[in-house]
Amino acid sequence: MQQASLNIIIADDHPLFRGALRQTLETIFDQIAIHEAGTLEEVGEKLEQFEDMDLVLLDLSMPGVRGFSGLLYLRAQYPAIPVVIVSASEDVPTIRRCMEFGASGFIPKSLPIDDIAQGIRAVLNGETWVPESIDLSAPYSDEITDLVERLNTLTPQQVRVLMMLSEGLLNKQIAYELSVSEATVKAHVSAILQKLNVDSRTQAVIAAAKIEAGQWQAIGAKS
Numbered sequence: 001m002q003q004a005s006l007n008i009i010i011a012d013d014h015p016l017f018r019g020a021l022r023q024t025l026e027t028i029f030d031q032i033a034i035h036e037a038g039t040l041e042e043v044g045e046k047l048e049q050f051e052d053m054d055l056v057l058l059d060l061s062m063p064g065v066r067g068f069s070g071l072l073y074l075r076a077q078y079p080a081i082p083v084v085i086v087s088a089s090e091d092v093p094t095i096r097r098c099m100e101f102g103a104s105g106f107i108p109k110s111l112p113i114d115d116i117a118q119g120i121r122a123v124l125n126g127e128t129w130v131p132e133s134i135d136l137s138a139p140y141s142d143e144i145t146d147l148v149e150r151l152n153t154l155t156p157q158q159v160r161v162l163m164m165l166s167e168g169l170l171n172k173q174i175a176y177e178l179s180v181s182e183a184t185v186k187a188h189v190s191a192i193l194q195k196l197n198v199d200s201r202t203q204a205v206i207a208a209a210k211i212e213a214g215q216w217q218a219i220g221a222k223s
């Protein structure tokens, strides 16, 4: 790949890790602009501020994002910008679900610099990348496969509403958080139930928990 000016966001709530990854990226690339974010809200602010962002490096667990909720939201809200998960986890089911939810790559934090460079270069070239040692071929149950596909059909606002439902918020509280009417929230809930093929908001939360292990968290970013 031709060396070019790159804009990359490092999204992680640990400043020491962000600093270490920044040094790694500055070693790999000659011309790079690195933007740091400690919460998902800050990620959204950076993406709105810099329209030419090339890549987001996203931790799975930080304020405003837990489980796969942050990845789902970013892929729905900013589909043109690749997201690579950088995580301490090396659990194969977690990696596979990240890729199925639209991640362009998965980089364990334990990888050496050369492997991190290989992964990021591959994604910037339009490829998807996981470490060669990771086998993603193990089959899922039909139920999980179907649920992943259904969750991928949710809009950014519907993702946020589902996360807030999972936090136990009432329609009135969700309306306040999103600065919309209760009628709008009810419409989103109805759409979520239809897309997930369930009959109640409780069933929707249970369905999401099968993927997220019950760890959805409301996103603070407003849109």
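Take the sequence shown: its letter number 215 is residue 215 in full-length UniProt numbering, and every next letter is one higher.
For each residue, glycine too, the CB sits at the ideal point set by N, CA and C.
{"Query": "Rounded C-alpha distance that separates residue 19 from residue 203", "Result": "42 Å"}
{"Query": "Residue 22 to residue 34 span [Cα, whole Å]", "Result": "7 Å"}
{"Query": "Test: residue 45 CB closer than 9 Å to a CB of chain B", "Result": "Absent here is chain B; the protein component of the structure consists of one chain."}
{"Query": "The alpha helix (DSSP H) enclosing residue 106, as first and last residue numbers", "Result": "That residue, residue 106, is in no alpha helix (DSSP H); its beta strand (DSSP E) goes 105–108."}
{"Query": "8 Å contact criterion, which residue 53 and residue 47 should meet: CB distance rounded", "Result": "6 Å"}
{"Query": "Same chain, Cβ closer than 6 Å to residue 100, neighbours up to 5 away in sequence not counted", "Result": "148"}
{"Query": "Separation of residue 159 from residue 213, as counted between CA atoms", "Result": "Because residue 213 sits at a pLDDT of 43, beneath the cut-off of 50, its placement in the model cannot be relied upon, and the following sentence gives the value as read from the coordinates. In a straight line, the C-alpha of residue 213 is about 16 Å away from that of residue 159."}
{"Query": "Three or more C-beta pairs below 8 Å linking the segment 80–98 and the segment 172–181", "Result": "no"}
{"Query": "Alpha carbon of residue 208 to alpha carbon of residue 98, nearest angstrom", "Result": "14 Å"}
{"Query": "Alpha-carbon spacing of residue 40 relative to residue 157, whole angstroms", "Result": "15 Å"}
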